[in-house]
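Numbers -15 to 222, taken from our numbering, label the letters of the sequence shown in order.
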Amino acid sequence: MSSLVEQSKKLAAYQAVDENLKDSHSVVGVGSGSTVVYVAERLGQLKNKSSFVCIPTGFQSKELILSNGLRLGSVEEYSSIDIAFDGADEIDSQLNLIKGGGACLMQEKLVASCSKQLFIVADYRKRSPEKLGHAWRQGVPIEVVPAAYNKVLNDLKNLEGYKSAKVRYGGTFKAGPVVTDNSMFIIDADFGEIPVEKVSTLHSQIKSLVGVLETGLFANMTTAAYIGNEDGSVATLT
Ligand code: ABF
């Protein structure tokens, strides 16, 4: 990873926290991925860090919360979250997102949907000029019940814009399917470019297939996105 990319992640994350976390916030969602590492780092530097509880979106995020000396809570205990910070694989001009590259999409969407505000932090490679389908070349991640993966792979072929889909494999030798924190599989489905006005519809169509737990399409959930640029500036998209 180039130091430019790493620097842009850190700047975006620090700025998002500094500009948006208020003393009145007592429940804070902490997402997943390599950019959120810097969110947790910044939260961990705050003098009042014991005044808020952090809600994780998965195993990695739980570890981040604990390793930065933050208070760990759960979405079971706190279903109303004041503010959440998370990463993204791709962001379109209307702040629709593709998420789930890290296979935590269900919990990420759960925390996002419980949050009054969702701030996305990302480096410049994640910003699509207009439509989703540029920056993230793996397609739309879909979390599925293991027994249903073949059925869902077939069902997806009937949807408008479908190009291809495959189960995500992982591990050192890519010998078996990636298994999520919910013991589910991930399908990555390529729908090419997804026009802004079709993101919600495509999400609903995929979600309605029996066997699908959640999709990595996040429509109308983002309050603002902080994008670290190559020149060291941070763009705030609202
Ligand atoms: C999570 O981490 C995901 O939804 C997304 O797939 C990924 C972004 O990771 P990074 O910040 O490492 O680019 O937020």
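Backbone N, C-alpha and C fix where the C-beta goes; we use that ideal spot for every residue, glycine too.
First through last residue of the beta strand (DSSP E) which encompasses residue i
i, result
"Ala173", "Phe169 to Asp174"
"Asp2", "Not the beta strand (DSSP E): Asp2 falls in the alpha helix (DSSP H), residues Ser(-13) to Asn4."
"Glu92", "Looking at the DSSP string, Glu92 is not in any beta strand (DSSP E); the run it does join, the alpha helix (DSSP H), is Leu89 to Cys98."
"Gly212", "Ala208 to Gly212"
"Ile104", "Leu102 to Asp107"
"Ser148", "Ser148 to Val151"
"Ile190", "Where Ile190 is concerned, there is no enclosing beta strand (DSSP E), although the alpha helix (DSSP H) it sits in stretches over Val183 to Lys191."
"Glu198", "Val196 to Thr199"
"Phe36", "Per DSSP, Phe36 belongs to no beta strand (DSSP E) and is neither H nor E."
Cβ shell of residue i (< 6 Å), same chain only, five flanking positions each side left out
i, result
"Val11", "Val37, Tyr62, Ile65 and Asp66"
"Gly53", "Gly28"
"Lys(-6)", "Tyr22"
Below-8 Å beta-carbon distance, residue i vs any chain C residue
i, result
"Val183", "Structure shown: chain C not included; a single protein chain is present."
From the options, residue whose alpha carbon lies closest to that of residue i
i, options, result
"Ser(-14)", "Glu214, Arg152 and Cys88", "Glu214"
"Thr19", "Ala209, Thr199 and Leu50", "Ala209"
"Gly85", "Lys100, Phe69, Lys110 and Val95", "Lys110"
"Asp141", "Ile82, Thr156 and Ile190", "Correcting the residue identity first, residue 141 is Lys in this sequence and not Asp. Per the Cα distances, Ile190."
"Gly200", "Arg55, Val128 and Gln(-9)", "Val128"
"Lys100", "Met205, Ile82 and Ala149", "Met205"
"Lys115", "Arg152, Glu177, Gly154 and Ser167", "Glu177"
"Ser148", "Leu137, Gln44 and Met90", "Leu137"
"Lys46", "Thr156, Ser(-8) and Glu92", "Glu92"
"Asp172", "Val14, Lys31, Thr207 and Asn134", "Asn134"
Residues near residue i in its chain [Cβ-Cβ closer than 7 Å; skip 5 each side]
i, result
"Leu94", "Val59"
"Asn203", "Going by the sequence as given, residue 203 is Ala instead of Asn. If we look at Ala203 and ignore the five residues flanking it on each side, its Cβ neighbours are Asn80, Val183, Ser184 and His187."
Cβ-based neighbour list, residue i, same chain, cut-off 8 Å, excluding 5 preceding and 5 following
i, result
"Leu(-12)", "Glu214"
"Ser97", "Met205"
Exposure of residue i, with buried meaning 16 or more beta-carbon neighbours within 10 Å
i, result
"Gly42", "buried"
"Ser51", "exposed"
"Glu144", "exposed"
"Phe175", "buried"
For residue i, the first and last residue of its enclosing alpha helix (DSSP H)
i, result
"Val223", "As shown, the chain starts at -15 and ends at 222. That puts residue 223 outside it, with no answer to give."
Q. Taking one C-beta from the stretch 63 to 77 and one from the stretch 109 to 123 each time, how about it: are there three or more such pairs within less than 8 Å?
A. yes
Q | Cβ contact check for the stretch 93 to 107 and the stretch 158 to 169: 3 or more pairs under 8 Å | A | By the criterion of at least three beta-carbon pairs nearer than 8 Å, the stretch 93 to 107 is not in contact with the stretch 158 to 169.
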